Amino acid sequence: MPIDGGTRPLALLEKGRSESVFIDPQTNGRVTWEGSYRSLKRVFDLNPQWQNYPEASTQLEFTRLFRNTLIVSVLATIGSVLSGIVVAYGLSRFRIPYIATLITVLMSTIILPREVLIVPTYIMFYKIGWVGTWLPLFLPMFFGTPLSIFLLRQFFMNIPRELDEAAMLDGANPFQILVKIIVPLAGPAIISVAILQFIFSWNDVINPCCSWQVVTNCK
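For the sequence shown, the working numbering assigns the number 408 to the last residue and increments by one with no breaks.
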């Protein structure tokens, strides 16, 4: 604020349309400004530069990075959905010994922080030669993800078993029951799992960091 022929930084205390009140940090006194506080010079001036968007897309090879992320996310989503359907169908429709223990272990892996698995996962990928390839980013999803399996199993358990029995009387085997009865009825759950997995894969940072050469070398 201009004071006594110079300028002095003041703290805004009360803002108003006709006058505003400031506090002088040097004297701790109140200073009244006759006029709106918005007539003062702003601390930050908004001057957007729209050229930043095309520059970022060209300098960072945005097209290639977008393509790589899209491919990995789609493959991971397909693997998670397919494996989740098969495993959830088995856990919800067949009599498996110690199934309660299996479900408990499955639930425990859901709440396990991913940070705990960074080092052992990287060591495993390094020993099998996956570091620097696409494989760590989507292939593990084809072996099932805990959240997808759990959500699909809970939905499959709500589908009446009488439908399975009726299909068996018509000569359908378990695979046909899964494809022609369970999957069509579980469409909403499958779509939800696919969306969640796609978002998770799209926003994933840890796995690409464990295999960072994929991001820089794949062209």
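C-beta: ideal position from N, C-alpha, C; glycine also.
Quick caveat: nothing in here was measured; it's all calculated off a predicted structure.
Cβ-Cβ distance between Ala356 and Thr266 below 8 Å
Taking 8 Å as the cut-off, the beta carbon of Ala356 is found no closer than this to the beta carbon of Thr266.
Determine the DSSP secondary structure at Phe283, reduced to helix, strand or coil.
Phe283: coil per DSSP, three-state reduction.
Which stretch, first to last residue, makes up the beta strand (DSSP E) that contains Glu203?
Start and end: Ala200 to Glu203.
Could you check if Asn165 is buried or exposed, using at least 16 other CB atoms within 10 Å of its CB as the buried criterion?
Given that the chain is displayed from residue 190 to residue 408, the structure contains no residue 165 and the question cannot be resolved.
Coil, strand or helix - Val220 by DSSP
If DSSP states are grouped into helix, strand and coil, Val220 belongs with the strands.
Considering only their Cβ atoms, is the gap separating Val261 from Gln386 smaller than 8 Å?
Taking 8 Å as the Cβ cut-off, Gln386 and Val261 do not qualify as a contacting pair.
Top-ranked residue by Cα proximity to Arg197, from Thr216, Glu208 and Ser209
For the options Thr216, Glu208 and Ser209, the alpha carbon positioned closest to that of Arg197 is the one of Thr216.
Excluding sequence positions up to five away, which residues of its chain have a Cβ less than 7 Å from the Cβ of Tyr278?
Excluding residues up to 5 positions away in sequence, Phe345, Leu367 and Ile371 lie with their Cβ nearer than 7 Å to the Cβ of Tyr278 in the same chain.
Ordered list of beta strand (DSSP E) runs contained in the segment 245-274, each at least 3 residues
When DSSP assignments are scanned along the segment 245-274, no uninterrupted stretch of beta strand (DSSP E) that is 3 or more residues long falls wholly within it.
Kindly indicate the opening and closing residues of the alpha helix (DSSP H) around Val382.
That run of the alpha helix (DSSP H) goes Gly376 to Asn392.
Does the distance from the C-beta atom of Ile395 to that of Ile307 stay below 8 Å?
Yes, these two residues count as a Cβ contact at 8 Å.
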